[in-house]
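Residue numbers (our numbering), protein chains in the order written: chain A, 1 to 207; chain B, 208 to 414. Notes to accompany the following structure.
There are 2 protein chains.
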Amino acid sequence: MEKRNVGILIFDDVEVLDFAGPYEVLSRTRLVPGAESRRSDESAPFRVFTVSKTGEMLRATGGLQVVPDHSFENAPEIGILVVPGGFGTRALLEDAETQEWIRGVAARAENVTSVCTGSLVLAKLGLLSGRRATTHWGALDLLRSIDGTVEVSAEERFVDDGILSSAGVSAGIDMAFHLVESLCGKECADETARYIDYPRNRQPDSD
Amino acid sequence: MEKRNVGILIFDDVEVLDFAGPYEVLSRTRLVPGAESRRSDESAPFRVFTVSKTGEMLRATGGLQVVPDHSFENAPEIGILVVPGGFGTRALLEDAETQEWIRGVAARAENVTSVCTGSLVLAKLGLLSGRRATTHWGALDLLRSIDGTVEVSAEERFVDDGILSSAGVSAGIDMAFHLVESLCGKECADETARYIDYPRNRQPDSD
């Protein structure tokens with residue numbers, strides 16, 4: 001079985017759960033159900049790694065210290081790109097080198113995804129033009145202002161319109177399970193959710 | 208305002224979401240609502256840091272590379288201890304030095320918490336004796352076998368009986384919000400949940 005390479009972009013002030021949620025879901029997915037199959041990568045459909053511009057240690061929000069697996073220069077080919085959000089995206093919106101990297105990877109990737117304000121960066125690159133997309137509830141107007149052709153959804157946990165974007169922070173978990181379901185089937189996604197005790201099929205909030 | 212020190216124990220093969228969930232919730236909690244208050248630590252009731260035995264870089268499950276903020280030797284006083292789970296807990300059950308550290312911290316902490324199989328380590332130390340507690344669904348029998356006096360709950364997302372334990376992986380997020388509610392009130396917990404777009408009040412699964 002050919003594993004898909006999942007590259008998660010990380011940067012200073014990336015929101016912890018924005019990258020850790022999809023990391024957890026995609027790295028713990030197994031095509032063989034049960035706890036035992038999680039002890040090895042044998043039936044893992046994804047090979048998940050983190051990538052940053054320099055590959056040097058960085059600090060996520062709250063100060064969590066993470067060492068990326070790869071730099072832009074030495075990252076393997078990426079089939080699934082995850083662009084998380086956080087206050088650090090404000091700097092990315094002005095960072096030509098990171099934007100160029102995302103543009104190149106996105107052009108070759110099978111799946112381009114974002115969590116939270118990660119979609120602002122994709123919008124800045126024109127990748128969301130004419131598409132439906134979402135972001136953190138506090139950044140919906142900003143998303144519209146970056147690209148007026150984006151049809152911004154304020155109601156959904158994630159939006160799959162060629163590019164897969166999610167609402168704020170924890171919605172990245174739901175986005176990741178949607179991706180697993182798209183690529184590996186509902187049974188596999190539900191079993192992985194059960195493994196990490198995530199009630200992905202619970203009813204929506206009443207508020 | 209006196210901030211509470213939250214020490215999150217991390218170790219090789221700690222499950223990513225087990226520590227990242229509580230890290231996210233507790234580090235993003237603010238007593239002043241809104242997105243602006245998250246730009247500084249001013250109204251943060253918690254000071255969150257990671258601690259490991261040596262303080263050297265380690266690999267969580269899936270290979271995520273994390274550099275702890277502190278070693279056992281140089282960690283600040285801990286008011287709230289978080290013991291996450293993951294396959295790495297198997298080694299902790301045989302690790303006298305880590306157990307001794309947990310025992311010492313737990314004796315002085317105001318709050319001792321666990322996520323997933325982290326409760327196995329607390330049970331090994333006798334800290335759950337005679338208490339209600341929970342763990343990952345796949346480890347319920349193991350928890351019973353470590354300490355037969357623990358009243359093991361198989362139904363709840365978290366159990367607060369002096370020591371606050373949670374069910375598997377993602378349930379650590381719910382555990383952390385319960386802790387925030389206990390210490391800072393329901394309004395603060397709900398506002399923080401809203402900030403990270405986590406529907407903590409959604410209805411339980413139908414399955």
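Idealized CB from N, CA, C, for every residue including glycine.
Per-residue burial, residue i [other beta carbons within 10 Å of its own, 16 or more giving buried]
{"i": "T418 (chain B)", "result": "Any answer about residue 418 (chain B) is impossible in this case: the structure gives chain B only from 208 up to 414."}
{"i": "K260 (chain B)", "result": "buried"}
{"i": "G7 (chain A)", "result": "buried"}
{"i": "K186 (chain A)", "result": "exposed"}
{"i": "E301 (chain B)", "result": "exposed"}
{"i": "K210 (chain B)", "result": "exposed"}
{"i": "E42 (chain A)", "result": "exposed"}
{"i": "E398 (chain B)", "result": "buried"}
{"i": "A314 (chain B)", "result": "exposed"}
{"i": "G34 (chain A)", "result": "exposed"}
{"i": "R39 (chain A)", "result": "exposed"}
Contacts around residue i, its chain only, beta-carbon distance under 6 Å, and the 5 residues preceding and following it disregarded
{"i": "L140 (chain A)", "result": "V152 and A154"}
{"i": "S234 (chain B)", "result": "V255"}
{"i": "D381 (chain B)", "result": "R364 and F365"}
{"i": "F19 (chain A)", "result": "I8, I10 and P84"}
{"i": "R351 (chain B)", "result": "V359"}
{"i": "D404 (chain B)", "result": "none"}
{"i": "H178 (chain A)", "result": "F158"}
{"i": "S308 (chain B)", "result": "Inspection of the sequence shows that residue 308 (chain B) is occupied by Trp rather than by Ser. F279."}
{"i": "L299 (chain B)", "result": "T305 and V328"}
Spatially closest choice to residue i from the options, by CA coordinates
{"i": "L327 (chain B)", "options": "B:N318, B:S373 and B:E284", "result": "B:S373"}
{"i": "G118 (chain A)", "options": "A:E15, A:E2, A:E42 and A:V6", "result": "A:E15"}
{"i": "S389 (chain B)", "options": "B:H343, B:N318, B:L329 and B:S336", "result": "B:N318"}
{"i": "A383 (chain B)", "options": "B:V322, B:P229, B:L224 and B:N212", "result": "B:P229"}
{"i": "V312 (chain B)", "options": "B:L288, B:V322 and B:L335", "result": "B:L288"}
{"i": "V115 (chain A)", "options": "A:G63, A:P33, A:W137 and A:Q99", "result": "A:W137"}
{"i": "R407 (chain B)", "options": "A:E191, A:A171 and A:C184", "result": "A:A171"}
{"i": "R401 (chain B)", "options": "B:W308, B:L271, B:V232 and B:D219", "result": "B:V232"}
{"i": "E243 (chain B)", "options": "A:A109, A:D41 and A:F87", "result": "A:F87"}
{"i": "A96 (chain A)", "options": "A:R108, A:L122 and A:A109", "result": "A:L122"}
{"i": "C184 (chain A)", "options": "A:Q65, A:I102, A:T113 and A:A44", "result": "A:A44"}
{"i": "R90 (chain A)", "options": "A:K124, A:R38, A:L128 and A:N5", "result": "A:K124"}
{"i": "D219 (chain B)", "options": "B:A267, B:N212 and B:G262", "result": "B:A267"}
{"i": "G269 (chain B)", "options": "A:W101, A:G62, A:L92 and A:F46", "result": "A:F46"}
Residues of its chain near residue i, where Cβ-Cβ distance is below 8 Å and the 5 sequence neighbours each way are ignored
{"i": "G333 (chain B)", "result": "D354"}
{"i": "V51 (chain A)", "result": "G7, I8, L9, I10, P68, D69, H70, S71, F72, A75 and I78"}
{"i": "V376 (chain B)", "result": "E222, L224, D225, G228, G292, V322, C323 and H343"}
{"i": "S413 (chain B)", "result": "The pLDDT assigned to S413 (chain B) is 43, lower than 50, so where the model puts this residue is not dependable, and the model offers no usable value."}
Same chain, Cβ closer than 7 Å to residue i, neighbours up to 5 away in sequence not counted
{"i": "L349 (chain B)", "result": "L327"}
{"i": "A395 (chain B)", "result": "Note on residue identity: the sequence assigns Cys, not Ala, to residue 395 (chain B). These residues qualify, in order along the chain: T236, L238 and V387."}
{"i": "D161 (chain A)", "result": "R131, R132 and A133"}
{"i": "L128 (chain A)", "result": "S119, L122, D147, V150 and I163"}
{"i": "Q272 (chain B)", "result": "M264 and R266"}
{"i": "R310 (chain B)", "result": "L332"}
{"i": "S109 (chain A)", "result": "Per the sequence presented here, residue 109 (chain A) reads as Ala, with Ser not at that position. The residues are I78, G79, I80 and L81."}
Within chain E, partners of residue i - CB distance below 7 Å
{"i": "V67 (chain A)", "result": "The displayed structure is made up of protein chains A and B, and chain E is not among them."}
Residues of the segment 47-60 of chain A with Cβ closer than 8 Å to any Cβ of chain B, in chain order: V48, F49, T50 and M57
Residues of the segment 336-350 of chain B whose Cβ lies closer than 8 Å to any Cβ of chain A, in chain order: H343, W344 and G345
Contiguous beta strand (DSSP E) assignments of at least 3 residues, all confined to the segment 342-401 of chain B: 365-368 and 370-373
Residue ranges of each alpha helix (DSSP H) within the segment 224-283 of chain B, 4 or longer: none
Continuous alpha helix (DSSP H) assignments of at least 4 residues falling wholly in the segment 285-348 of chain B: 296-299, 303-315 and 325-331
Selection of the segment 4-21 of chain A by Cβ proximity to chain B, strictly under 8 Å: E15, V16, L17, A20 and G21
Residues in the segment 283-294 of chain B having any Cβ partner in chain A nearer than 8 Å: F294
Contacting positions in the segment 167-183 of chain A - beta carbon closer than 8 Å to chain B: A167, G168, V169, S170, A171 and I173
Short-range partners of chain A found in the segment 307-340 of chain B, where Cβ spacing is below 7 Å: none
Near-chain A residues of the segment 227-243 of chain B (beta-carbon distance less than 9 Å), N- to C-terminal order: A227, G228, Y230, E231, V232, L233, S234, R235, G241 and A242
Contacting positions in the segment 183-198 of chain A - beta carbon closer than 7 Å to chain B: I196, D197 and Y198
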